[in-house]
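Step one of this worksheet: look at the structure below.
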Amino acid sequence: RGGGRGGGRGGGRGGGMKGGKKVVVEPHRHAGIFVARGKDDALCTKNMVPGKAVYGEKRISVDVGEEKVEYRVWNPFRSKIAAGILGGLENIWIGPGDKVLYLGAASGTTVSHVSDVVGPTGCVYAVEFSHRSGRDLINVAKTRTNIIPIIEDARHPLKYRMLVGMVDTIFADVAQPDQARIVAINAHNFLRNGGHFVISIKANCIDSTVAPEAVFAREIKKLQAEQMKPAEQITLEPFERDHAIVVGTYRPEKKK
């Protein structure tokens, strides 16, 4: 898993990317996401809780006029969304002010970046079944008020229906054989018509006996049967093996 725990617990302001004058941070074409141009370019998000790293990632602070703005480097080897953005996804449908239902939140590493992107006006409902990861997730949510941690099985959305409102986007990274079904029942409950889904599919979790391409094609068929219309699919090479991300629209408006 991407060289140890996030490369030496980036002490202080993180090694390598020393902010200040040398690093220029410019907006990415996806709103709420930035690119730090320095010795090596890095994807980053604007830290909602300046001064605090979530999982030992590097932080870059940049002087904007009088005040300092802090960004957190987003490692594509540890986050499927970051890998998808670097892989060239046309749309990720996660931007400032959006409400996102995040299935398979794990310890909250990617969730923290999504929380940066949607900002204080947005909201991330983070669902994770494992109590062990859930503890870390809850700790991340303590300092980030726009994360609502839900330690519950994503197969049973009715258990958390009182906590989740309608959302604009569902992101799913549950490595389960019935992943398409899990996403669909959550979409039927919480995703608005014309909302979007972003699904990370791990081929060998679904069926390790056939080629990954065949698995991806089959999953897309299942999604289409649930009124979910896939618009793009990319693989996550060089960051993940045999993974694909599928992005699409739920119950798209009928063209008049």
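Going by this note's numbering, the sequence shown wraps up at 1032, each residue one higher than the last.
Heads up, the beta-carbon is just placed ideally off N, CA and C, and yes, glycines get one too.
_Per DSSP, what are the beta-bridge partners of serine 909 in this structure?_
In the DSSP assignment, serine 909 is bridged to no other residue.
*alanine 1007, DSSP secondary structure in three states*: Correct three-state label for alanine 1007: strand.
_Taking the beta strand (DSSP E) that lysine 822 belongs to, which residues open and close that run?_
818-822
_Residues bridged to isoleucine 1001 (per DSSP)_ = Here residue 1001 is alanine; the residue named in the question, isoleucine, does not match the sequence. None; alanine 1001 has no bridge partner.
*Do the stretch 917-935 and the stretch 847-866 touch if we need at least three Cβ pairs shorter than 8 Å?*
no
*Hey, out of Phe973, Cys820, His806, whose CA is closest to alanine 812's CA?*
Cys820
_Between the CA atoms of phenylalanine 853 and tyrosine 936 - distance to the nearest angstrom_ = 30 Å
*Quick one: is threonine 897 buried, meaning 16 or more other Cβ sit within 10 Å of its Cβ, or exposed?*
exposed
_Contained alpha helix (DSSP H) runs [length at least 4] in the stretch 837-899, N- to C-terminal order_ = 856-862, 885-894
*Could you pull out every unbroken beta strand (DSSP E) segment of at least 3 residues lying fully inside the stretch 921-947, listed in chain order?*
923-926
*Please classify threonine 1025: does DSSP put it in a helix, a strand, or coil?*
strand
*From the DSSP output, read off the bridge partner residues of arginine 835.*
Arg848
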